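Residue numbers (full-length UniProt numbering): 1 to 106. Note that beta-carbon positions come from the ideal geometry of N, C-alpha and C, so glycine has one too. In this text, all values refer to a predicted model and were calculated from it rather than measured experimentally.
Next comes the structure, spelled out in structure tokens:
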């Protein structure tokens, strides 16, 4: 996964914040995570992604609009990854969707 800060357009846009705690099961997790980032990047409305893990995992994906987020959630391959996450990879998770009103950078 990239260590870059996402290069997002001027606000407004949306952020999907996925916070999670992993189980001890690692079976295929890394490959699936990489596959999902690559697949998300091909979806209409995708703007970028940032991810970090130090016990607690946080992935923030950025999207043009709510319709793009809904389409990504409903994508067949993403649904398979979600089901596997629920069944074996995540002990707990929370997804938050927020509208980014402004941003600034150094």
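### Query
Does the beta-carbon distance from residue 94 to residue 14 come in below 9 Å?
Mapped onto the chain shown, residue 94 falls at position 94. Mapped onto the chain shown, residue 14 falls at position 14. No. Outside cutoff.
### Query
Where do the ends of the alpha helix (DSSP H) carrying residue 72 lie?
As a first step, residue 72 must be located in the chain shown, where it is residue number 72. From DSSP, the alpha helix (DSSP H) with residue 72 extends over 66-74.
### Query
In this structure, what does DSSP give as the bridge partners for residue 54?
Counted from its first residue, the chain shown places residue 54 at position 54. Residue 54 has 56 as its beta-bridge partners, per DSSP.
### Query
Applying the criterion that 16 or more other CB atoms from any shown protein chain within 10 Å of the CB defines a buried residue, is residue 104 buried or exposed?
Locating residue 104 in the chain shown gives position 104, where the first residue counts as 1. Residue 104 comes out exposed.
### Query
Are residue 56 and residue 21 close, meaning C-beta to C-beta below 9 Å?
For the purposes of this step, residue 56 is taken as the residue at position 56 of the chain shown. For the purposes of this step, residue 21 is taken as the residue at position 21 of the chain shown. Yes, these two residues count as a Cβ contact at 9 Å.
### Task
Mark residue 58 as exposed unless 16 or more other C-beta atoms lie within 10 angstroms of its C-beta, in which case mark it buried.
Taking the chain shown and counting its residues from 1, one reaches residue 58 at position 58. Classification of residue 58: exposed, given that the 10 Å Cβ count is below 16.
### Query
Straight-line CA distance for residue 38 to residue 30?
The count along the chain shown starts at 1 and reaches residue 38 at position 38. The count along the chain shown starts at 1 and reaches residue 30 at position 30. Their Cα atoms are separated by approximately 12 Å.
### Query
With DSSP run on the structure shown, which of helix, strand or coil describes residue 104?
Numbered from 1 along the chain shown, position 104 holds the residue referred to as residue 104. Judged by DSSP in its simplified three-state form, residue 104 adopts coil rather than helix or strand.
### Message
Tell me which residues share the same chain as residue 9 and place their Cβ nearer than 7 Å to its Cβ, disregarding the 5 neighbours each side in the sequence.
### Response
Here the question's residue 9 lines up with position 9 in the chain shown. 47.
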